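Here the protein sequences line up with chains A and B, keeping their order. Residues 46 to 356 (my numbering) make up the first sequence, in order. Residues 76 to 404 (my numbering) make up the second sequence, in order. Note that the Cβ used here is the ideal one computed from N, Cα and C, for glycine as well. These figures come from a predicted structure and were not determined experimentally. These notes concern the structure reproduced below.
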Amino acid sequence: MLLARLIDEAALRQNRMGRAPFVVPVSGHEGCQIGTAWPMRLGTDVWVPYYRDLGVVLVAGMTPEEVFLGIFSKAGDPSSGGRQMPAHWGYRRLGIVSHSSPIATQVPHAAGIAYAMRYRNEDAVVGCWFGEGATSEGDWHEGLNFAAIHRVPVVFVCENNEYAISVHQDKQMAVRDVASRAEGYGMPGVVVEGSDVLACFRAMREAHDRARAGQGPTLIECKTYRYLPHTSDDDDKSYRSRAEVEEHKHHDPIDRFVGYLIGRGLTDHERIQSLHDELKAEVDSALTSAWDAPDPDPALVGRHVFAEDDR
Amino acid sequence: MSEKTLVAAISDALHDEMAADDRVMLLGEDVGARGGVFKVSEGFLEEFGEDRVIDTPLAESAIVGVAIGMALRGLRPVAEIEFADFIHPAFDQIVSEAARMRYRTNGDWGCPMVIRAPCGGGIHGALYHSQSIEAFYAHVPGLKVVMPSTPADAAGMLRSAIRDPDPVLFLEHKKCYRLIKGEVPDDGATVPIGPADVKREGGDLTVVTYGFELHRCLEAAARLALDEGIEVEVVDARALAPLDTETILASVRKTSRAMVVYEDNRTYGAGAEIAATIAERAMFDLDAPLVRIGGPDIPAMPYAAPLEHAFMEPEPDQLYVRMLELARF
């Protein structure tokens, strides 16, 4: 969580310095992302994230340097070689499926991947993440419906931060909980507090177990909040008050978990501070080496349209 | 060789590919118990089981989107859109996802899948069972768009499409399904996706066409040879993306006269691209103005027989006249 936060802060600074034209903040979402990503098994399960899922892809195995290679659109960006906007994740070796900018198009993909897993009797699960705005899209409905009909091993995770860019949930849906829609598809729907990383972990572990046991998909809704604008190009002052944002920062997932650990005597402030310093140094070094990495070669702009261009 | 209708050739080729490779899946509306509205997959459910022959919910975007997911996980899905007219809800999945997957991941992920869609008019299908959709998709790099119109081509190109590492939109003209019969090799031969095919050789005039219009052009060309001794070379584009410009240009350079015939609305249709290619690269080889014949620029094909005929003009009689005019220019 702390690593995601530190990368986020560093990325936004790079944007303000003019070195990164576009960044997608994650701050506030770390609890629900790390919590729901953690039960997934590396090398076995498949990750179908959306653009805010820095925390998810870090758990999946993407390194800070690889994240910055994407932010600086370098040739070595594992997601796209600098072709997509930053935060459009994808990494075949890690099982992270590439996604686009149109919202919720990855949801039917998750259903199809899970169908293929079940068809081959693979002990594997798909995790599929999206925001609450995505739930208005037809593809979201179609994907959940298909997954439920065939009881395929997929867990759908909604990171509900109340705003689809500027549009509040009240104007996105008439229901209070996205999770309540699960019943309409014939799958369980669970609401969890997104700032409680352990609650998110438990909900995902249960859903993951259900999926592995052949009991089909689950919809988990994490109530969360993003502290920063939608992207570096957004101005969130135009649609929400500073007071509202500050209020949510009192329920910070990192502070909450640190409080939990210290309360249980599992760590102390000193060790948290040294972890922070260690991760900060790692982020700074990752940023520097990514910045120094080569840019994509414009001569290769025509490559990879078809497989025969892959050479 | 066996004589088959176009639809039987497609059915048999699909069957063989499914029998040979358990990664090949079929999904779409009514493909299972019903065997497809055109009976392409009749008996498939019983033979291959409901895991591989999937009656999907009535949701085209999911049909394509789920197929993309299957392809990403190593299967070879064949997604059937019941009528090409209903493919539009899946436009985003085809264009934003399938066609861009390889490019946007710098070659990391690929999307080997086939989307089959019966298209075209002349079967009393009216506005929403007659559409030509090829131009929307042929504009999209990363997607292969084909419309084979003989049983041998359909069978061979479907086999190639299923084995292709990239997404292929496989268009089947409904009017050809049972009307067009032809010899199909029994050995499972493939026909490559890319090359156009000279369906009739001639030295006086080149006609570039595809789909049902191919058969009308061949009929007019045969009569013209008999009546007037004019030899029309008929080039079947077969694949619209990638378009085989070399075969088209070689024919035009040989005959010095060129006509492009297609059923779709004339404006911005695939024929416009073919005509532009000829104009751009063979202008000084032409002895007569390029002729482009396409459907009328009205929203779609109407239902009533006289109205439908008005859209499906020109009939072979009229094509005959236009070819004669061009040959004598």
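Among the options, which one has its Cα closest to the Cα of residue i?
i                        : options                                : result
arginine 139 of chain A  : A:Ser146, A:Ala132, A:Ser124           : Sequence check: residue 139 of chain A is leucine here, not arginine. It is A:Ser124 whose Cα lies nearest to the Cα of leucine 139 of chain A.
arginine 376 of chain A  : B:Asp183, B:Asp160, B:Leu254           : Residue 376 of chain A is absent from the structure shown; chain A starts at 46 and stops at 356.
arginine 341 of chain B  : B:Gln206, B:Leu150, B:Leu89            : B:Gln206
glycine 100 of chain A   : A:Glu111, A:His74, A:Glu110            : A:His74
valine 396 of chain B    : B:Ser331, B:Val310, B:Ala297, B:Gly124 : B:Ala297
alanine 256 of chain A   : A:Asp329, A:Arg163, A:Leu345, A:Gly310 : A:Arg163
threonine 276 of chain A : A:Pro94, A:Val68, A:Val170, A:Glu167   : A:Val68
glutamate 383 of chain B : B:Tyr203, B:Thr180, B:Met145           : B:Tyr203
alanine 357 of chain B   : B:Ile373, B:Val141, B:Thr330, B:Phe123 : B:Thr330
valine 104 of chain A    : A:Arg61, A:Tyr136, A:Glu289, A:His314  : A:Tyr136
alanine 227 of chain B   : B:Asp262, B:Ile198, B:Ala201, B:Ala213 : B:Asp262
glycine 261 of chain A   : A:Asp322, A:Val170, A:Leu320, A:Ala209 : A:Val170
aspartate 339 of chain B : B:Ile255, B:Asp360, B:Glu348           : B:Glu348
alanine 49 of chain A    : A:Met232, A:Gln78, A:Pro131            : A:Gln78
histidine 349 of chain A : B:Leu254, B:Gly217, B:Gly110           : B:Gly217
alanine 56 of chain A    : A:Leu345, A:Thr333, A:Asp355           : A:Thr333
valine 335 of chain B    : B:Leu394, B:Val282, B:Cys194           : B:Val282
glycine 111 of chain B   : B:Glu122, B:Asp96, B:Ala325, B:Val128  : B:Val128
In its own chain, which residues sit with a C-beta less than 6 angstroms from the C-beta of residue i, not counting the 5 before and 5 after it?
i                         : result
proline 391 of chain B    : Arg291, Glu294, Ala295
aspartate 367 of chain A  : No information on residue 367 of chain A is available, as it lies outside the stretch 46 to 356 that chain A covers here.
valine 202 of chain A     : Thr81, Trp174, Ile265
glutamate 182 of chain A  : Ile148, Ala149
alanine 264 of chain B    : Gly231
alanine 229 of chain B    : Leu81, Ala84, Ile85, Pro223
aspartate 241 of chain A  : none
cysteine 251 of chain B   : Leu81, Ser224, Phe287
isoleucine 305 of chain B : Asp279, Leu299, Ala402
glutamate 251 of chain A  : none
aspartate 53 of chain A   : Pro70, Val71, Ser72
Who are the Cβ neighbours of residue i in its own chain at under 7 angstroms, not counting the five residues just before and after it?
i                         : result
cysteine 344 of chain B   : The identity of residue 344 of chain B in the sequence shown is glycine, whereas the question assumes cysteine. Cβ within range, chain order: Ala210, Tyr337, Gly369.
isoleucine 268 of chain B : Lys219, Val221, Met232, Ser235, Ala236, Asp239, Val243, Ala314
glycine 149 of chain B    : Arg98
threonine 108 of chain B  : Rather than threonine, the amino acid found at residue 108 of chain B in this sequence is alanine. Hits under 7 angstroms: Leu120, Asp130.
aspartate 280 of chain A  : Pro274
isoleucine 162 of chain B : Glu135, Ile156, Ala192, Ile208
leucine 51 of chain A     : Leu324, Lys325, Val328
valine 91 of chain A      : Gly140, Val142, Ile158, Ala169, Val171
Can you name the residues that DSSP bridges to residue i?
i                            : result
aspartate 130 of chain B     : B:Gly103
phenylalanine 245 of chain B : B:Arg191, B:Val221
tyrosine 160 of chain A      : Tyrosine 160 of chain A pairs with nothing; no bridge assigned.
methionine 334 of chain B    : B:Val282, B:Val366
leucine 264 of chain A       : A:Phe201, A:Gly234
histidine 213 of chain A     : A:Tyr208
Find out if the Cβ-Cβ distance for the pair residue i, residue j is shorter than 9 angstroms.
i                            : j                         : result
phenylalanine 404 of chain B : alanine 354 of chain B    : no
alanine 375 of chain B       : leucine 365 of chain B    : no
glycine 157 of chain A       : proline 152 of chain B    : yes
glycine 278 of chain B       : histidine 248 of chain B  : no
glycine 172 of chain A       : valine 199 of chain A     : yes
glycine 76 of chain A        : threonine 269 of chain A  : yes
proline 70 of chain A        : arginine 287 of chain A   : no
isoleucine 141 of chain A    : valine 112 of chain A     : no
alanine 267 of chain A       : glutamate 204 of chain A  : The residue asked about is misnamed: residue 267 of chain A is cysteine in this sequence, not alanine. Taking 9 angstroms as the Cβ cut-off, cysteine 267 of chain A and glutamate 204 of chain A qualify as a contacting pair.
leucine 289 of chain B       : glutamate 308 of chain B  : no
serine 77 of chain B         : valine 259 of chain B     : yes
glycine 259 of chain A       : arginine 316 of chain A   : no
valine 170 of chain B        : alanine 316 of chain B    : no
phenylalanine 245 of chain B : valine 189 of chain B     : yes
tyrosine 230 of chain A      : alanine 179 of chain A    : no
glutamate 177 of chain A     : asparagine 206 of chain A : yes
histidine 133 of chain A     : arginine 177 of chain B   : no
glycine 106 of chain A       : leucine 87 of chain A     : yes
methionine 145 of chain B    : tyrosine 160 of chain A   : yes
glycine 346 of chain B       : arginine 367 of chain B   : yes
glycine 197 of chain B       : tyrosine 378 of chain B   : no
alanine 219 of chain A       : valine 236 of chain A     : no
Please list, in chain order, all residues of the same chain as residue i whose beta carbon is under 8 angstroms from its beta carbon, the five residues on each side excluded.
i                        : result
leucine 243 of chain A   : Gly80, Phe302, Tyr305
threonine 108 of chain A : Ala331
glycine 372 of chain B   : Reading off the sequence shown, one finds aspartate at residue 372 of chain B, where the question assumed glycine. Contacts found: Asn340, Arg341, Thr342.
Could you tell me if the beta carbon of residue i falls within a distance shorter than 8 angstroms of some heavy atom in the ligand MN?
i                      : result
alanine 312 of chain B : Ligands in the displayed structure: none, and consequently the ligand MN is not present.
- [ ] Inspect the CB distances between the region 174-194 of chain A and the region 132-147 of chain B and report whether three or more fall short of 8 angstroms.
- [x] yes
- [ ] Flag this pair as touching only if the region 114-122 of chain A and the region 333-347 of chain A have three or more C-beta atom pairs under 8 angstroms; answer yes or no.
- [x] yes
Open item on the list: Count Cβ pairs between the region 262-278 of chain B and the region 97-107 of chain B that sit closer than 8 angstroms; are there 3 or more?
Closed with: no
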